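Engineer: Quick note on the UniProt record's numbering: the sequence shown kicks off at 1 and runs consecutively.
Dumping the structure here so I can ask a few things about it.
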Amino acid sequence: MTEEERQNTIKNTVNMLKFVHVEVIQKKYLAQVYNIGVDYAKGIYDGLPKKSFEWSEVEKLAPDAHLWYKEAKFRPSQGERLTGVPPTGTVYN
Numbered sequence: 001m002t003e004e005e006r007q008n009t010i011k012n013t014v015n016m017l018k019f020v021h022v023e024v025i026q027k028k029y030l031a032q033v034y035n036i037g038v039d040y041a042k043g044i045y046d047g048l049p050k051k052s053f054e055w056s057e058v059e060k061l062a063p064d065a066h067l068w069y070k071e072a073k074f075r076p077s078q079g080e081r082l083t084g085v086p087p088t089g090t091v092y093n
């Protein structure tokens, strides 16, 4: 992406996320985006007009964001990622 495209993506995301008035949804969304790109998440956070939470809260949530809403027995184990290939062993943990 060019710098202009990056800024447009951040601006467009801010324009929609500002309508979400539930703090936990904003934080969890930013934590997910943090794992995509820290600069991307920070740009969105900085662009939000009203912030009722600190950036450090997003940073604390980010390490576990990829595990939210995923049943533990269906998650990959033993370093497998299950990205387009069949599992090598049993499916359930």
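Built from N, CA and C at the ideal position, the CB exists for glycine as well.
The structure displayed is predicted, hence computed values, not measured ones.
State the start and end residues of the unbroken alpha helix (DSSP H) segment that holds Met1.
Structural biologist: Looking at the DSSP string, Met1 is not in any alpha helix (DSSP H), and its letter there is neither H nor E.
Engineer: Quick one: give me the first and last residue of the alpha helix (DSSP H) that Ser56 is part of.
Structural biologist: Trp55 to Leu61 is the span of the alpha helix (DSSP H), which, as asked, contains Ser56.
Engineer: With burial defined as no fewer than 16 other Cβ atoms inside 10 Å of the residue's Cβ, what is the status of Val20: buried or exposed?
Structural biologist: Answer is exposed; the Cβ neighbour count stays below 16.
Engineer: Pull up the distance between the alpha-carbon of Gln32 and that of Thr2, whole angstroms please.
Structural biologist: Computed Cα separation, rounded: 22 angstroms.
Engineer: Please state the DSSP three-state secondary structure of His66.
Structural biologist: His66: helix per DSSP, three-state reduction.
Engineer: Tell me the DSSP secondary structure of Leu30 in three-state form.
Structural biologist: Helix at Leu30.
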